[in-house]
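Asks: Submitted below is the structure of interest, expressed as structure tokens.
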Amino acid sequence: MIRLAGVMAIVCMWCTAGMWTICGPAFAQDRQRRQLNVSVFDQAFGTSSESTPDPLKSRQMQYFHLQHQVFETLVTIDFTTNTVLPMLAETWERLDERTVRFFLRHGVRFHSGEIFNAAAVTFTLELMKNPRSRFAGRFLLDTIESVTAVDDYTVDITTRVPDGMLLRKLAAIGFIIPPVYYTRVGESYFSRYPMGTGPFRFFYIDDTAEYLKIHFVRNEQYWRSLDCNFDELVFHALETGRQWEALRNGTLDLLVSLPQGGDPGKPRLKKIKVGSELSLRSAALLFNVDKGGPLAQIEVRQAVQHAIDRTEMIRRALGGFGLPLYSVAPRGTLGHCPGPLQYREDIKKARALMAQAGFGEGIALRMLTSAHEPSVTAAAVLKEQLARAGITLEVTALSREEIFRQMIEPRLRGEPVPDSYDLWLVSGWPHLFGSGTHFYFAFLHSGGIFNFGTLRKQDSPIDALYSAAVAAGETEQVCAELQKLDRYLLEEALVVPLYQMEMFYGMRSNIQFIPGMNDMPLRFERIRIVD
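Start counting the sequence shown at 24; every next residue gets the next number (the numbering used here).
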């Protein structure tokens with residue numbers, strides 16, 4: 024069913040307000056609209072069509088791209104220079120170690136015609152912090168104590184403790200929504216017909232074909248000039264196995280990232296070009312040390328570190344397109360720790376450590392991973408490698424929906440996460456803030472939503488090191504504190520960094536676009552179609 028009824032009602036509202044150029048002469052003449060057709064493969068959790076561009080309701084990283092087309096944040100990050108830049112806030116200043124004052128941009132309107140101002144900022148952040156909203160990124164805003172409108176275009180955000188990552192967190196997930204529209208239509212309707220201030224407006228969802236398509240139109244009332252020269256952005260929720268062929272046959276104009284099996288080694292048409300960038304996506308192996316058993320002993324965790332051959336894993340799981348990673352934070356992020364290797368690949372050392380721990384006869388462990396590539400192949404390689412050290416792995420590969428049901432939903436309900444697994448292979452995790460803090464907090468902090476058993480206790484040393492890092496004021500201090508955390512995690516063998524992935528993208532030869540080092544989010548408004 025094509026969801027158009029609500030769209031037509033909104034169109035009437037926009038026409039009355041004189042806000043949407045689709046009601047003007049250009050639309051009346053029924054001119055040919057130029058489309059850009061795109062699909063996205065998320066390396067962390069695969070591809071799914073079951074979601075919404077509404078950031079308050081979606082828990083799927085794949086839709087993060089779409090949210091950044093419709094919605095905007097107070098600040099943004101240039102990942103080339105890894106610096107924070109203005110967006111809906113023109114400037115900001117730190118009043119004290121816990122308070123940042125934002126001076127908002129004038130002349131910005133939401134797609135509904137509503138004026139963007141301080142009331143929208145306070146409404147949005149209070150809504151996101153409210154547990155009833157079930158906002159998946161709420162844990163990242165837990166440090167915020169208050170949001171105060173000083174005047175119509177000035178907002179103070181005060182945190183309970185110093186938070187040096189506040190700007191980067193707001194850049195990633197602080198999507199500002201229109202309070203009047205949201206209050207009038209309600210959360211359910213807003214999820215179906217979301218509105219922000221972004222370069223593209225949500226148009227409609229078409230689920231009448233064999234797969235779902237989400238249509239967006241260019242925001243002709245955008246507050247700054249747009250580089251893109253197309254009228255409509257169409258997102259195709261294609262299954263992974265069909266994405267590469269859709270690019271080859273012309274259904275798609277752009278595919279980011281290319282899934283495994285759609286690699287640059289395949290024969291291509293002349294009308295397709297493929298590029299690659301070292302990305303901010305990485306892979307790591309996590310330990311459930313709270314469960315007890317063999318992994319509670321550091322010698323066993325160190326044995327795992329020594330048993331892994333990263334070069335072999337990259338060759339087999341990534342087709343060779345990646346770099347070995349020996350720091351939890353990848354290259355290009357704040358806190359990357361390029362120091363001397365702590366654990367070299369050494370299977371003899373691994374066996375000796377197993378014997379030292381009293382497990383010379385071997386052990387059996389259960390490992391969780393995602394049921395898509397490259398996670399499945401990486402898990403198979405890991406199983407073979409650990410077997411050489413006397414560690415037998417039982418691998419469980421789950422869909423993203425099942426991972427959320429088993430590992431995330433209990434935390435959101437305030438319930439304990441079942442101790443079903445000893446290890447968790449996370450491949451393709453995006454470092455959204457340009458730093459390792461997102462990963463550290465989500466997977467390793469005692470309050471992290473993905474922490475399945477890494478020192479989940481109030482006096483966790485990880486918590487103290489993390490707090491020291493985010494409390495640091497200057498970027499250099501943040502980096503130094505994050506490197507301390509990185510070194511601690513490696514010294515205690517609590518995480519096994521595996522590899523940093525290259526991001527491949529394919530596009531029609533008439534598309535001008537370079538995604539850059541970080542594909543989260545993609546800036547589709549920078550794309551041009553060459554005739």
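Even for Gly, the Cβ is constructed at its ideal location relative to N, Cα and C.
1. Between which two residues does the beta strand (DSSP E) harbouring PRO217 extend?
2. Throw me the rounded Cβ distance for the ALA402 and THR415 pair, which I believe falls under 8 Å.
3. Could you check the C-alpha separation between ALA340 and THR400 for me, to the nearest Å?
4. Can you give the Cα-Cα distance for LEU309 and VAL203, rounded to whole angstroms?
5. Suppose only complete runs of 4+ residues qualify. What are the alpha helix (DSSP H) ranges in the segment 222 to 295, listed by chain order?
6. In terms of DSSP beta bridges, what is ILE180 paired with?
7. If you scan the segment 443 to 493 from start to end, which runs of the beta strand (DSSP E) of 3 or more residues do you find wholly inside it?
8. Are there 16 or more other CB atoms within 10 angstroms of the CB of GLY316, so buried, or fewer, so exposed?
9. Please state the DSSP three-state secondary structure of ALA352.
10. Using C-beta distances below 6 Å, list every residue in its chain close to GLU417, excluding the 5 sequence neighbours before and after it, in chain order.
11. Flag this pair as yes or no: are the beta carbons of TYR528 and VAL279 separated by less than 8 Å?
12. Would you call THR114 buried or exposed, if buried means 16 or more other Cβ atoms sit within 10 Å of its Cβ?
13. Is the number of C-beta pairs between the segment 483 to 492 and the segment 227 to 243 that are closer than 8 Å three or more?
14. Roughly how far, in whole angstroms, is the beta-carbon of LEU261 from the beta-carbon of GLY358, given that I think they are within contact range, below 8 Å?
15. Could you check what DSSP says for GLY343 in three-state terms: helix, strand or coil?
16. Roughly how many angstroms lie between the CA atoms of GLU515 and VAL501, to the nearest whole one?
17. Between MET430 and LEU277, what straight-line distance do the alpha-carbon atoms span, to the nearest angstrom?
18. Report buried or exposed for VAL184, applying the criterion of at least 16 other Cβ atoms within 10 angstroms of its Cβ.
19. Alpha carbon to alpha carbon, what distance is there between MET110 and ARG128?
20. Could you compute how far the alpha carbon of LEU163 sits from the alpha carbon of GLN481?
21. Short check: CB of PRO520 to CB of LEU376, under 8 Å?
22. Looking at VAL144 and ILE199, is the spacing between their C-beta atoms short of 8 Å?
23. From the DSSP output, in three-state form, read off SER156 for me.
24. Starting from the N-terminal side, write out each stretch of the beta strand (DSSP E) that is 3 residues or longer and does not extend beyond the segment 508 to 554.
25. Once DSSP output is grouped into helix, strand and coil, what is the label at THR103?
26. Give me, in chain order, the residues of the same chain whose beta-carbon lies closer than 7 Å to that of VAL404; leave out the 5 immediate sequence neighbours on both sides.
27. If you draw a straight line from the alpha carbon of ALA495 to that of VAL297, how long is it in whole angstroms?
28. With distances taken between CB atoms, is the gap from PHE456 to LYS152 smaller than 8 Å?
29. Answer with buried or exposed for SER62, where buried requires no fewer than 16 other C-beta atoms within 10 angstroms of its C-beta.
30. In its own chain, which residues sit with a C-beta less than 7 Å from the C-beta of ILE426, not counting the 5 before and 5 after it?
31. Under a three-way DSSP split, which group does MET110 fall into?
32. With a 10 Å radius around its C-beta and 16 neighbouring C-beta atoms as the bar for buried, classify GLY437 as buried or exposed.
33. Below 8 Å, how does it come out for the segment 438 to 457 and the segment 164 to 182: are there three or more Cβ pairs, yes or no?
34. Can you list, in chain order, the residues of its chain with a C-beta nearer than 7 Å to that of ASP442? Leave out the 5 residues immediately preceding and following it.
35. Following the continuous alpha helix (DSSP H) through VAL404, name the residue where it begins and the one where it ends.
Replies: From the atom records:
1. What you label residue 217 is simply residue 194 of the sequence shown in a count that begins at 1. PRO217 -> no beta strand (DSSP E), and no H or E assigned at all.
2. As a first step, residue 402 must be located in the sequence shown, where it is residue number 379. As a first step, residue 415 must be located in the sequence shown, where it is residue number 392. 14 Å between Cβ atoms; not a contact.
3. Here residue 340 refers to the residue found at position 317 of the sequence shown. Here residue 400 refers to the residue found at position 377 of the sequence shown. Looking at the two C-alpha atoms, the distance is approximately 5 Å.
4. The sequence position of residue 309 within the sequence shown is 286, counting from 1. The sequence position of residue 203 within the sequence shown is 180, counting from 1. The straight-line gap from Cα to Cα measures roughly 44 Å.
5. Complete alpha helix (DSSP H) runs here, min 4: 263 to 271.
6. Here residue 180 corresponds to residue number 157 of the sequence shown, with the count starting at 1. Answer by DSSP bridge pairing, in chain order: VAL123, VAL170.
7. Within the segment 443 to 493, the complete beta strand (DSSP E) runs of at least 3 residues fall at 446 to 453.
8. The residue labelled residue 316 in the question sits at position 293 within the sequence shown. Taking all protein chains shown into account, GLY316 has fewer than 16 neighbouring C-beta atoms within 10 Å of its C-beta and is therefore exposed.
9. Counting from 1 along the sequence shown, the entry for residue 352 is found at position 329. The three-state secondary structure of ALA352, taken from DSSP, is coil.
10. For this step, residue 417 is matched to residue 394 along the sequence shown. Excluding residues within five positions, the ones whose Cβ falls inside 6 Å are ARG389.
11. In the sequence shown, counting from the first residue as 1, residue 528 sits at position 505. In the sequence shown, counting from the first residue as 1, residue 279 sits at position 256. Yes, Cβ-Cβ distance for TYR528 and VAL279 is below 8 Å.
12. Position 91 of the sequence shown, counted from the first residue, corresponds to residue 114. Counting Cβ neighbours within 10 Å, THR114 comes out exposed, since fewer than 16 surround it.
13. Short answer: they don't touch.
14. Start at 1 with the first residue of the sequence shown, and residue 261 comes out as number 238. Start at 1 with the first residue of the sequence shown, and residue 358 comes out as number 335. Their Cβ separation, rounded to whole angstroms, is 35 Å, which puts LEU261 and GLY358 out of contact at 8 Å.
15. Taking the sequence shown and counting its residues from 1, one reaches residue 343 at position 320. Note: GLY343 maps to coil in three-state DSSP.
16. As a position in the sequence shown, residue 515 is number 492, starting the count at 1. As a position in the sequence shown, residue 501 is number 478, starting the count at 1. Their backbone Cα atoms lie some 21 Å apart in a straight line.
17. As a first step, residue 430 must be located in the sequence shown, where it is residue number 407. As a first step, residue 277 must be located in the sequence shown, where it is residue number 254. If you take the alpha carbons of MET430 and LEU277, they lie about 33 Å apart.
18. As a working mapping, residue 184 is identified with position 161 in the sequence shown. Note on VAL184: under 16 other CB atoms within 10 angstroms of its CB, so exposed under the neighbour-count rule.
19. Along the sequence shown, one-based indexing puts residue 128 at 105. Along the sequence shown, one-based indexing puts residue 110 at 87. Computed Cα separation, rounded: 8 Å.
20. For the purposes of this step, residue 163 is identified with residue 140 of the sequence shown, where counting begins at 1. For the purposes of this step, residue 481 is identified with residue 458 of the sequence shown, where counting begins at 1. When rounded, the separation of the alpha-carbon atoms in LEU163 and GLN481 is 18 Å.
21. In the sequence shown, residue 520 corresponds to position 497, counting from 1. In the sequence shown, residue 376 corresponds to position 353, counting from 1. No, they are not a contact pair.
22. In the sequence shown, residue 199 corresponds to position 176, counting from 1. In the sequence shown, residue 144 corresponds to position 121, counting from 1. Yes, the Cβ-Cβ distance between ILE199 and VAL144 is below 8 Å.
23. In the sequence shown, the residue the question calls residue 156 occupies position 133. Residue state for SER156 is assigned as helix, using DSSP reduced to three classes.
24. For the beta strand (DSSP E) assignment, the uninterrupted runs of no fewer than 3 residues enclosed by the segment 508 to 554 are, from N- to C-terminal side, 518 to 531.
25. Residue numbering aside, residue 103 sits at position 80 when the sequence shown is read from its first letter. Three-state result, THR103: coil.
26. Residue numbering aside, residue 404 sits at position 381 when the sequence shown is read from its first letter. Answer for VAL404: GLU335, MET336, ARG339, ALA340, listed in chain order.
27. Translated into positions along the sequence shown, residue 495 becomes position 472. Translated into positions along the sequence shown, residue 297 becomes position 274. Distance from the CA atom of ALA495 to the CA atom of VAL297, rounded to whole angstroms, is 41 Å.
28. For this step, residue 456 is matched to residue 433 along the sequence shown. For this step, residue 152 is matched to residue 129 along the sequence shown. The Cβ atoms of PHE456 and LYS152 lie no closer than 8 Å to each other.
29. Along the sequence shown, read from residue 1 onward, the residue named residue 62 stands at position 39. By the 10 Å Cβ count, SER62 comes out buried.
30. Mapped onto the sequence shown, residue 426 falls at position 403. Answer for ILE426: SER393, listed in chain order.
31. On the sequence shown, residue 110 is found 87 positions in, with the first residue counted as 1. Looking at MET110 - three-state DSSP - the assignment turns out to be coil, as it is neither helix nor strand.
32. Numbered from its first residue, the sequence shown carries residue 437 at position 414. Counting Cβ neighbours within 10 Å, GLY437 comes out exposed, since fewer than 16 surround it.
33. No, because fewer than three Cβ pairs between the segment 438 to 457 and the segment 164 to 182 fall closer than 8 Å, the two stretches do not touch.
34. Residue numbering aside, residue 442 sits at position 419 when the sequence shown is read from its first letter. Residues of the same chain with a CB within less than 7 Å of the CB of ASP442, apart from the 5 flanking positions on each side, are ASN311, LYS314, GLY476 in chain order.
35. Counting from one through the sequence shown, the residue named residue 404 turns up at place 381. Taken as a continuous stretch (DSSP letters only), the alpha helix (DSSP H) holding VAL404 covers 398 to 410.
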